[in-house]
Amino acid sequence: MRTPKQRTTPLLSQLLISSQRRHAGFYTPGHKQGKGASAALRSLLTKFTLAADLPELPELDNLFAPEHVIAEAQDLAAQLYGADTTYFLANGSTCGIEAAVLATCNPGDRILIPRNAHRSVLSALVLSGAMPIYLQPAYDADWDLAGGIDPQAIATALDTYSDIRAVLLVSPTYHGICSDLKTVAAIAHSRNIPLLVDEAHGAHFGFYPELPESAIAAGADIAVQSTHKTLGALTQAAMLHIQGNQIDRDRLNQALQLTQSTSPNYLLLASLDAARQQMAVEGQFLIERTLKLAIEAHQTLSKISDLRVFELADAAPPGFFDWDATRLTVDVSHLGITGFDADEWLHSKAGVTAELPALKHLTFIISLGNTAEDIEQLASGFTRLTKERHNSSTPSNKSIKVAHPPEDYQSASLPSRSPRDAFFSKTQIVSTDKAISHISADLICPYPPGIPLIFPGEIITADAIAQLQDIQAAGGIILGSSDAQLNYWRVICQ
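Counting with this note's numbering, you get residues 372 to 865 for the letters of the sequence shown.
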C-alpha cells in the first residue's frame, strides 16, 4: 500500500535530529558520538555516521516495546509488504528464522524443512529442540543446482507424519529458484499448520510483476527477508513479516527478544526505514531498471562462446516453479575450468566479483545498486576469460563431474536424534572406517551440490562417505567436517 505517508522516514528522521542535538551524553556507546573513537575508525567513518551511532534514547523508541518512531516505521513496512505486522531485525535474517521456529515449535515437535535450508535453521533446531523431518529439494544434475520442494512431496510428508507442527521452506534459493508457495500454503493451512518462509533473498519481490510473487502474497504465515541482500539497507538489516492467525504473536515477540541483541544498532534500523521508503516511492522503477540490466547481462553472456546462462526453462518443474531473473548463474565448465577458478580470475584480473562460485558455475546478484557500466565490465571480463582459455595450453578440467542426491530426492527422512541432542551430546573423533553407523555431531555439506548430506543427529553411512569422497576427488569442497581430508569424523559417543 503506497500512501502519502510512505514517503516519510519516521525512524531515520528522528535519528538524524537526535544525532545533531547538542548535549552532554552519559550513556553508551563509549565513543560518545565519535568524540572518543580512534583516529583509524574516524578515518573510515564520517563524523555524521559516528554521531548517529546512538542507543535507545527516549525519542528513538525501543525495538522490543515500540510505541513511537520504530512502531510507526514498522507499520509502514507492514503496509508496503502486505503483512499484518512487520518486525525490524538488527541481527539479520538468522535471528528471524530462529524466532520463527521458536514461536511455532516446542521441544520434540516435528517440523518439515528442506535439506538445503540455511544454517540458521540448524541453529533454530538446536535452540528450540524441535525434531526436523528433512525433504530433499529438487536437483538438476546438468546445472548442479538445487531447486525448491514439490508441493506433492510436502502433502505426502504431512500425511506420513501427522504430528508435524510447522513447514519451513527456502524460497527463493541462493540461485533465485522458487517453490510453489501458494499451493504449499493451501496444503499446510488445510491441516492447520503454519508455513514459514526463509525469503532472505527475495526482499525485492512484489515490486514488479515479472518477478516471482512474494511469500506473504502467496499465503505464508511468516516471511523473513534480508533487506540488505537485494535492497538498500545496511548489511545485517532484515525484516520479519507475519500475517494470519496461525502464529502466537506474544510468543514470537518473546522469541525475538531471545535472538536479537539488547543493544540494536540504530544505523541498521534506520536503514530499514530508508529502504522501505525508497521502495515505496521508487520501487517499481528501480526493479524494472534492475531487471532490464539482468536481461541485458543474460543476453550478452549467452552469446559468448562456451558459456551457458541459466534460465527457468533449463530445469523441470515442480521443484523449479519460478525464478528470479535478477540472479545470473553462468556455467563455465565448457571452458575446462571450475567456477572457483573463474571467480579467482575475474576478481583479480577483471575487477568483477561474483556472489557465489561453485564447481561448475558462478552466481551474480544484480540489484538496484548495479549500473550499465557494471554489466559492460562483467561482459568484458568473461570475454577476456574465454579468450584466454581458448588460447591457453593449461590442461583443462573437462573431466570434472558432479555427484548428486539419490533418485528419491523428494522423500522425507527423520534423523536418529534431534540436532539439539546432538549439540549437547558428548562426542569423540573416530577414523573413517569406524565412523559408519555412528551418529554425526557435525553438519557436513558438499559443494556441489550445496545440500547438506549429513546433519547433526543423522547416522553416517558408507554411501554418504563414498559420495563425499567422490565430490572431494572431483574438486568439490566439503564444509563442516572436523577433518578437511575426511580421514576422521566427530561422532556422538555411543
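Ideal Cβ placement from N, Cα and C applies to all residues, glycine included.
- When secondary structure is reduced to three states using DSSP, Arg647 falls in the helix class.
- Proximity to Pro565 across Arg536, Ala528, Thr598 peaks at Arg536, based on C-alpha coordinates.
- Burial is judged here by how many other beta carbons sit within 10 angstroms of a residue's own beta carbon; Glu570 has at least 16 and is buried.
- The bridge partners DSSP lists for Trp514 come to none.
- From the listed residues Ile484, Ala488, Thr598, Val862, the smallest Cα separation to Met502 is found for Ile484.
- Taking 8 Å as the upper bound for CB-CB distance, Lys600 and Ala641 are not in contact here, some 18 Å apart.
- DSSP lists Ile548 as the bridge partner or partners of Trp694.
- With a cut-off of 8 Å on Cβ pairs, the stretch 828-835 is in contact with the stretch 796-811, counting three or more such pairs.
- Under the three-state reduction of DSSP, Pro688 is assigned to coil, being neither helix nor strand.
- Between the stretch 386-400 and the stretch 462-469, the count of Cβ pairs shorter than 8 Å is below three; the stretches do not touch.
- Here Val472 is buried. Its C-beta has 16 or more other C-beta atoms within 10 Å.
- Straight-line measurement puts the Cα of Thr700 at about 7 Å from the Cα of His732.
- Here the C-alpha atom of Leu539 lies approximately 13 Å from the C-alpha atom of His560.
- In the three-state DSSP reduction, Val723 falls in the coil class, being neither helix nor strand.
- In this structure, the alpha-carbon of Leu638 lies about 14 Å from that of Leu428.
- Just measuring C-alpha positions, the residue of Pro823, Ser751, Ser808 sitting nearest Ile842 is Pro823.
- Contact between Leu602 and Tyr458 fails: their C-beta atoms lie close to 16 Å from each other, not under 8 Å.
- Unbroken alpha helix (DSSP H) stretches of 4 residues or longer found wholly inside the stretch 433-510: 440-452, 463-475, 490-499, given in chain order.
- Measuring C-alpha to C-alpha distances from Pro478 to each of Ile810, Asp813, Tyr818, Ser789 identifies Ser789 as the nearest.
- Look at His732 here: in three-state DSSP terms it is strand.
- Within the DSSP bridge table, the entry for His612 names Thr457, Ala594 as partners.
- Take Asp592, set aside five residues on each side of it, and the residues of its chain with a beta-carbon closer than 6 Å to its own are Pro565, Leu566, Gly615, Gln617, Ile618, in chain order.
- Taking a C-beta distance under 9 Å as the contact criterion, Pro543 and Phe576 qualify as a contact pair.
- With respect to the 9 Å criterion, Val862 and Ile800 are classified as neighbours on the basis of their beta carbons.
- According to DSSP, Ala537 shares a beta bridge with Ile482.
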